[in-house]
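Residue numbers (full-length UniProt numbering): 1 to 185.
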């Protein structure tokens, strides 16, 4: 049993001999039980509250090997250029010969999401193979914000895009963003 012992105050030398009085005792058993319950509670709540993170495969930082380049059919690749003012410019195919686009849209359910959903359904029908779906290349510019990248990754998660990557924006693509007015401060 846990208890708190208090000195009775009879430590003086000399004088009359008196009998020691038993000091008041405080039973701390309930407080110890409460302390262990609180410790257990906080240990469980901190271990159950794990941060949520999305896995993103990033390219290798080694020198680029021409043999490592993977050729992708133009009708399967969609490029998203993240510009300023919360705008995205997207196109299908290559920059020099786009199959569709470029078109400027925003984020969210009224912006890029319906386009992504449409293309995710169209591409397997065009290729004739359900395994060959849409590949989205996300290219943030210097004028886009960190929030823009998080928002587009959330959109990829919402539409359940299976294949997407984050790439580096090229100089001609920056010129397109400047021309269309979404590469400014």
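Beta carbons are placed, not taken as given, at the ideal position from N, Cα and C, and that holds for glycine.
Note that this is a predicted model, so its numbers are computed, not measured.
Less than 9 Å between the C-beta atoms of residue i and residue j, yes or no?
{"i": "residue 119", "j": "residue 78", "result": "yes"}
{"i": "residue 170", "j": "residue 139", "result": "yes"}
{"i": "residue 84", "j": "residue 174", "result": "no"}
{"i": "residue 111", "j": "residue 100", "result": "no"}
{"i": "residue 81", "j": "residue 150", "result": "no"}
Relative to the C-alpha of residue i, which candidate in the options has its C-alpha closest?
{"i": "residue 135", "options": "147, 150, 159, 149", "result": "159"}
{"i": "residue 144", "options": "178, 18, 30", "result": "178"}
{"i": "residue 96", "options": "21, 115, 172", "result": "172"}
{"i": "residue 133", "options": "117, 16, 52", "result": "117"}
{"i": "residue 168", "options": "25, 115, 21, 141", "result": "141"}
Nearest-angstrom Cα distance between residue i and residue j?
{"i": "residue 35", "j": "residue 44", "result": "14 Å"}
{"i": "residue 152", "j": "residue 46", "result": "30 Å"}
{"i": "residue 74", "j": "residue 38", "result": "60 Å"}
{"i": "residue 16", "j": "residue 42", "result": "54 Å"}
{"i": "residue 98", "j": "residue 72", "result": "14 Å"}
{"i": "residue 113", "j": "residue 155", "result": "7 Å"}
{"i": "residue 27", "j": "residue 20", "result": "21 Å"}
{"i": "residue 33", "j": "residue 25", "result": "18 Å"}
{"i": "residue 121", "j": "residue 115", "result": "10 Å"}
Can you tell me the Cβ-Cβ gap for residue i and residue j, rounded? I've got them flagged as a contact below 8 Å.
{"i": "residue 76", "j": "residue 137", "result": "No, residue 76 and residue 137 are not in contact; Cβ-Cβ is about 11 Å, not under 8 Å."}
Original post:
Do the region 71–91 and the region 100–114 make contact, defined as three or more Cβ pairs closer than 8 Å?
Top reply: Contact between the region 71–91 and the region 100–114 is present, because at least three Cβ pairs lie under 8 Å.
Original post:
Okay, do the region 123–130 and the region 152–169 touch, 3+ Cβ pairs below 8 Å being the bar?
Top reply: With the cut-off at 8 Å, the region 123–130 and the region 152–169 do not touch.
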